[in-house]
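Following: one structure in structure tokens, then a few remarks.
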Amino acid sequence: MKFRDIRDIVDWNVYWLLFMLAEFSLLAALPYAITMSGDALYDMAMAIPTILAAQFARSTVILLIGIFTGLYLGKKVGLKTPVLSSFFEDRQLPSNFKPAFKLSVIFGVIISLLILILDIFVFARDSEPLLVYLATPPLWQRFMYSFYVGVTEEVVLRLFLMTFLVWITWKIKKNSEGKATDAGAWLSIIIVSSIYSIIYLFFSRENIDPAIAMSIAVSNWIAGTAFGWIYWKKGLEYSIIANLTATMMLFVVFGSLVH
């Protein structure tokens, strides 16, 4: 393979920008994560800096592989990064940026309100309200953590995992345009949301109240399904905007109301 061929595999400008944003988001999440871990982090056998360094290194490897995989396979199945690609190619935003941006923000607000309503009228009957639990750390930590949820989760769950699953369905059946079918996209969206929710339940079952864990898992499933649809129909940047909006509403805006 020639060097020029390697350069053309993915848009490396988009690749490295997404990687740097995700790395920053990982660092931004540390204060909130340490606060929420409580004594559990201090009870581990290894020193805290060693634990954090190991987790950061592991996440970095996942991001390096995941972003490349998502960008490479995304070109095949029709999943894109329209804003960044347009900016680096034409030095301008896409023509539909404003309406798509507004739609993403509206989606984010609606999702946050839906999660809040479900928590108040369904899950909070048997446990501490989810909002109170999530808003335990200081405001600045919640604000910083929102970038981790909005950026890193979308990069890993949507760009990497969802794109990979869509590619599998695409290999089985394509639509008339040679892209992934609607059924394949929806199946991938639902599988990713379900996997993330189940994994969260499994790893949090001994650390937090089961009702709160279930509330977070259900919220993740609802939000993940919506963000997956936005990624599919609009592009990764818009799913990031929607996720960041929803997270800011829950952690920063609504969270400040209970403190």
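So in this note's numbering, spot 179 of the sequence shown is number 374, and the numbers just go up one at a time.
From the three backbone atoms N, C-alpha and C, an ideal C-beta is built for every residue, glycine too.
Only a predicted model underlies this, so the values are computations on that prediction, with no experimental measurement involved.
In this structure, the beta-carbon distance from V205 to L334 does not fall below 8 angstroms.
Residues T264, L268 of the same chain have their beta carbon placed closer than 7 angstroms to that of F359, with the five preceding and five following residues left out of the count. When C-alpha distances from S220 are compared across V346, F302, A319, G423, the shortest belongs to V346.
Put simply, of S410, V304, W416 the residue whose alpha carbon is nearest the alpha carbon of L445 is V304. The three-state secondary structure of K366, taken from DSSP, is helix. K368 and T376 have their alpha carbons spaced roughly 7 angstroms apart. Around the CB of V344, 16 or more other CB atoms lie within 10 Å, so the residue is classed as buried.
DSSP places A330 outside both helix and strand once states are collapsed to three, so it counts as coil.
A straight line joining the alpha-carbon of T364 with that of I386 spans about 12 angstroms. Closest in alpha carbon position to K297, among T440, L452, F449, is T440. With three or more CB-CB distances shorter than 8 angstroms, the region 351 to 358 counts as touching the region 424 to 441.
DSSP places A375 within a strand segment (E or B) once states are collapsed to three.
Classified as exposed, I243 has fewer than 16 neighbouring CB atoms from the shown chains inside 10 Å of its CB. Going by beta carbons, L258 and V350 fall inside the 8 angstroms limit. Looking from the CA of E348, the closest CA among L216, I310, L396, F316 belongs to L216. Burial state of W416 is buried, judged by a 10 Å Cβ sphere holding 16 or more other Cβ atoms.
Taking a contact as a CB-CB distance under 8 angstroms, the pair L266 and V413 does not count as one, their CB atoms being some 31 angstroms apart.
Distance from P289 to S299 at the Cβ level is roughly 13 angstroms; contact not present, criterion being Cβ atoms closer than 8 angstroms. For T264, the enclosing alpha helix (DSSP H) covers residues 243 to 272. Across the set F302, F283, F214, the C-alpha of F214 shows the shortest separation from the C-alpha of G261.
If you draw a 10 Å sphere on the C-beta of A224, you find 16 or more other C-beta atoms in it, and that means buried. T276 carries a coil assignment under DSSP once its states are collapsed to helix, strand and coil. Close CB contacts of V209 within its chain, under the 7 angstroms cut and outside five residues either way in sequence, are with L266, T276, L279, S280, F283 (chain order).
In this structure, the CA atom of Y227 is about 14 angstroms from the CA atom of V327. It is roughly 49 angstroms from the alpha-carbon of S371 to the alpha-carbon of R320. In the three-state reduction of the DSSP assignment, V346 falls in the helix class.
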